[in-house]
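Peer 1:
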Amino acid sequence: MDIKKYELFVDVAETGSFTKSAERIGYTQSGVSHLLKSLESEIGLSLFIRSKKGVTLTHSGEILLPLIRGLLSSNEYVEETIQDIKGYEIGKIKIGTFTSVAISWLPQIIYLFEKKYPKIEISIKEGGTDDVEQWIDDNTIDIGFLSERHINKMEFIPLYEDPLVAILPINHKLSKNKSVQIEEFNDKPFIISTIGTDYDIHNALTDAAVKPFMKYSCTDDHAIISMVANNLGISILPELIARDYKNIIAMRPLNPYYCRKLGIAYKLNDMLTPSVKKFIEFAKDYITNQ
Numbered sequence: 017m018d019i020k021k022y023e024l025f026v027d028v029a030e031t032g033s034f035t036k037s038a039e040r041i042g043y044t045q046s047g048v049s050h051l052l053k054s055l056e057s058e059i060g061l062s063l064f065i066r067s068k069k070g071v072t073l074t075h076s077g078e079i080l081l082p083l084i085r086g087l088l089s090s091n092e093y094v095e096e097t098i099q100d101i102k103g104y105e106i107g108k109i110k111i112g113t114f115t116s117v118a119i120s121w122l123p124q125i126i127y128l129f130e131k132k133y134p135k136i137e138i139s140i141k142e143g144g145t146d147d148v149e150q151w152i153d154d155n156t157i158d159i160g161f162l163s164e165r166h167i168n169k170m171e172f173i174p175l176y177e178d179p180l181v182a183i184l185p186i187n188h189k190l191s192k193n194k195s196v197q198i199e200e201f202n203d204k205p206f207i208i209s210t211i212g213t214d215y216d217i218h219n220a221l222t223d224a225a226v227k228p229f230m231k232y233s234c235t236d237d238h239a240i241i242s243m244v245a246n247n248l249g250i251s252i253l254p255e256l257i258a259r260d261y262k263n264i265i266a267m268r269p270l271n272p273y274y275c276r277k278l279g280i281a282y283k284l285n286d287m288l289t290p291s292v293k294k295f296i297e298f299a300k301d302y303i304t305n306q
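Note that the working numbering has the sequence shown beginning at 17, numbered continuously upward.
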């Protein structure tokens with residue numbers, strides 16, 4: 017089994033281009049094409065559809081992609097464990113996250129982690145809740161930062177309770193209150209995060225049987241804040257996102273209290289490499305001491 021060919025297969029599947037993968041890995045385009053044709057010949061299946069616009073996976077390729085990612089993860093687990101036994105602290109960690117964590121926690125966590133473990137490589141993919149769950153499921157990432165309310169068939173390590181808060185234009189009448197009753201959102205012009213990017217606000221409104229006038233929906237939390245600041249509506253967001261924008265919006269606690277429980281998720285029964293275990297413990301210590 018030639019691991020390099022499998023790694024190349026996954027890379028081309030992600031980039032959709034022999035040229036981009038060749039540049040990333042340091043091969044020639046013809047070298048990439050030759051190795052993948054060799055892999056297709058070895059397994060007796062066509063993996064890619066080649067066109068002028070690039071390459072896409074065949075049906076066989078789509079079936080094999082998550083399995084090969086899993087195989088590569090298992091191989092990495094063995095290699096890292098061997099190095100860990102020898103006392104070498106090396107490895108690779110693939111992390112999935114959404115915007116609030118990527119901005120609030122990860123930069124400092126990664127900075128401090130790399131100072132302690134300079135030979136461990138970290139890569140990050142940013143997306144919505146559904147994206148991160150899918151990446152965990154198909155072995156694109158090792159771990160993902162997620163909200164506990166939307167965990168399915170995954171292990172979850174709770175880290176932080178993040179209150180949901182009302183965000184309002186600074187001159188809004190509700191901004192005069194110390195807190196905002198969630199019922200106040202009934203029939204009000206509301207800016208909501210697109211379903212699939214964040215479920216916690218949708219769930220809070222459903223739990224409270226509150227039905228705002230859904231005026232706009234956005235995939236980007238910062239766009240929601242900007243729209244609120246410009247008097248286009250009101251919204252609810254996690255405090256972790258909203259707290260840095262108090263100069264342009266009014267932020268008030270919700271009554272009753274709602275929150276999202278953030279943590280690290282990984283595939284059920286997955287074997288975590290030594291470097292991933294180190295990162296999880298490091299992140300837990302960092303967030304606990306904040």
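For every residue, glycine included, the Cβ atom is placed at its ideal position computed from N, Cα and C.
Contact between the segment 132 to 148 and the segment 70 to 88: three or more CB pairs below 8 Å?
Peer 2: Touching, no, given that fewer than three Cβ pairs across the two stretches are closer than 8 Å.
Peer 1: The alpha helix (DSSP H) that contains Lys294, what's its start and end?
Peer 2: From DSSP, the alpha helix (DSSP H) with Lys294 extends over 290 to 304.
Peer 1: Three or more beta-carbon pairs under 8 Å between the segment 268 to 275 and the segment 86 to 99, yes or no?
Peer 2: Result no; under three Cβ-Cβ pairs closer than 8 Å.
Peer 1: Are Ser191 and Leu184 close, meaning C-beta to C-beta below 9 Å?
Peer 2: The answer is yes: Cβ separation under 9 Å.
Peer 1: Given 8 Å as the limit, is there contact between the segment 234 to 248 and the segment 148 to 168, that is, 3 or more CB pairs closer than that?
Peer 2: Verdict: no, contact absent.
Peer 1: With 16 as the cutoff for other CB atoms within 10 Å, does Thr289 come out buried or exposed?
Peer 2: Thr289 comes out buried.
Peer 1: Since Leu122 and Thr115 are thought to touch, with beta carbons under 8 Å apart, how far apart are those beta carbons, to the nearest angstrom?
Peer 2: Their Cβ separation, rounded to whole angstroms, is 10 Å, which puts Leu122 and Thr115 out of contact at 8 Å.
Peer 1: Is it true that the CB of Ile173 sits closer than 9 Å to the CB of Lys300?
Peer 2: Cβ atoms of Lys300 and Ile173: closer than 9 Å.
Peer 1: Are Ile159 and Ile79 closer than 9 Å when you measure CB to CB?
Peer 2: Cβ atoms of Ile159 and Ile79: not closer than 9 Å.
Peer 1: Figure out for me which residue from Phe34, Asp146, Gly47 has the closest Cα to the Cα of Ser6.
Peer 2: With the chain covering 17 to 306 only, the question about residue 6 has no answer from this structure.
Peer 1: Specify, as a first and last residue, the run of the beta strand (DSSP E) that Gly86 falls within.
Peer 2: That residue, Gly86, is in no beta strand (DSSP E); its alpha helix (DSSP H) goes 75 to 101.
Peer 1: Is the beta carbon of Gln216 sitting closer than 9 Å to the one on Arg259?
Peer 2: According to the sequence provided, residue 216 is Asp. The question's Gln does not apply to it. Contact: no.
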